[in-house]
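Report on the following structure.
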Amino acid sequence: MGYSSANEARQAREALGKALEALQQDADIPKEVLGIAQNIARSVGALFEAEYASTEVDGKTCIKSALGTLSQTLALLQDVKSEHAGIQTATESIADVISILFPLTNKPSVRPESASSAAPPRTAPPSAPPASKPPVRSSAPPSSRPPASVPATSKPPSTRPPSNRPQSIVPASSRPPSIRPPSARPASGVPAPIPTSMLPPPAPIPSGERYRIEANLGATTQSNFYVGFSGEIAHGGVFLATYETLPKDTSVTMLVTLPGGFEFECDGYVRFVRDPLDFASESEPGIGIQFEGLSDDARDLVLRFISKRPPIFYDV
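Just so we're aligned, residue 8 is where the sequence shown starts under my numbering, counting upward by one.
As structure tokens, then:
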């Protein structure tokens, strides 16, 4: 038996090995780069466990662990101040690996067919073409997942405080996002600009006064920061775990409070909604608030936070 996506796990592990090699090519590695290399090494270990996992559940758990660490690492790479030749290669490799791993977190767990359940092939005469095997009926459910229910946009905003229950976070949206592989690497050593497809859509024009909300983030809260394929936290935002959702594209002013008494205020808008009434989804209900013009001081606070706790990965 074993994990059905072991080949993808091996492919991702080998790609991370190249990123690790690029960061370790110099004997004198800066401290911040060394920390990133250690994160990559942890992801390599998790992928090795996924490759040889004996069950689908164990394999998917290892994939999610590696994906969380890589999302954190990709965000931290954006803030490296030291000059290092392997930074660009590592960033591109990690983006490639994330595009491989993220679809696996939404892939349904399929029970492997038993060898005894397949009908034996019929022996054909030497002069006749080989007989085809009869199709094997699979007992697994179809892989297509019913579409998530669309959140109601006519619901008036609630003034009740958001929920911050200490539960584990499932780093996936309420619907399988469309994954696009990263664009081809440039032939020269010049860093490639971030493709438009990796950037969030333009912020909607506020139709009235911004709705004020507060997001309390801690070590165990369901609410957390999220990043996308670009890895830049300024292109991400805050996932606010709450049953009192707001309509998509609602303009807000958000006060973000962090451990240690740190806080910052930022404008944003509702980028995505996880409907509380979508019982087919395993994700925590809430709203994803996209940053608008994150200040440098606020970005420093976010980077300090995600260095201790990996952000959610969301395809924006």
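We treat Cβ as the ideally placed atom computed from N, Cα and C, and that holds for glycine. As the structure is a prediction and not an experimental result, all values here were calculated from the model.
request  = Determine the direct distance from the alpha carbon of GLU216 to that of LEU77, and round the result to whole angstroms.
outcome  = Straight-line spacing of the CA atoms in LEU77 and GLU216 works out to 38 angstroms.
request  = Return the CA-CA distance between LEU308 and PHE269, expressed in angstroms with no decimal places.
outcome  = PHE269 has its alpha-carbon roughly 8 angstroms from the corresponding atom of LEU308.
inquiry  = With H, G and I counted as helix, E and B as strand and the rest as coil, what does DSSP make of GLN85?
reply    = Taken through DSSP and simplified to helix, strand or coil, GLN85 comes out as coil.
Beta-bridge partners of PHE269, as assigned by DSSP = None; PHE269 has no bridge partner.
request  = With a threshold of 16 other CB atoms inside 10 Å of the CB of GLN32, please say whether the residue is buried or exposed.
outcome  = The Cβ neighbour count for GLN32, taken over all protein chains shown within 10 Å, is under 16; the residue is labelled exposed.
ask   = Alpha carbon to alpha carbon, what distance is there between ASN231 and GLY225?
value = For GLY225 and ASN231, the distance between alpha carbons rounds to 8 angstroms.
query = Span of the beta strand (DSSP E) holding THR260?
reply = Note, THR260: beta strand (DSSP E), 258-264.
task = Please report the residue range of the alpha helix (DSSP H) in which ARG311 lies.
result = Judged by DSSP secondary structure, ARG311 falls within the alpha helix (DSSP H) whose first and last residues are 303-313.
For ILE94, the first and last residue of its enclosing alpha helix (DSSP H) = Taken as a continuous stretch (DSSP letters only), the alpha helix (DSSP H) holding ILE94 covers 94-112.
query = With 16 other CB atoms within 10 Å as the buried threshold, where does VAL40 fall?
reply = Looking at its Cβ environment, which holds 16 or more other Cβ atoms inside 10 Å, VAL40 is buried.
message = What residue range does the alpha helix (DSSP H) around GLU239 cover?
response = Counting along the chain, GLU239 sits inside no alpha helix (DSSP H), nor does DSSP assign it H or E at all.
ask   = From the DSSP output, which residues share a beta bridge with TYR233?
value = Answer is GLY244, ILE319, bridged to TYR233.
request  = Determine, using beta-carbon pairs with one atom in the segment 83-103 and one in the segment 237-247, whether at least three such pairs fall under 8 angstroms.
outcome  = Yes, the segment 83-103 is in contact with the segment 237-247.
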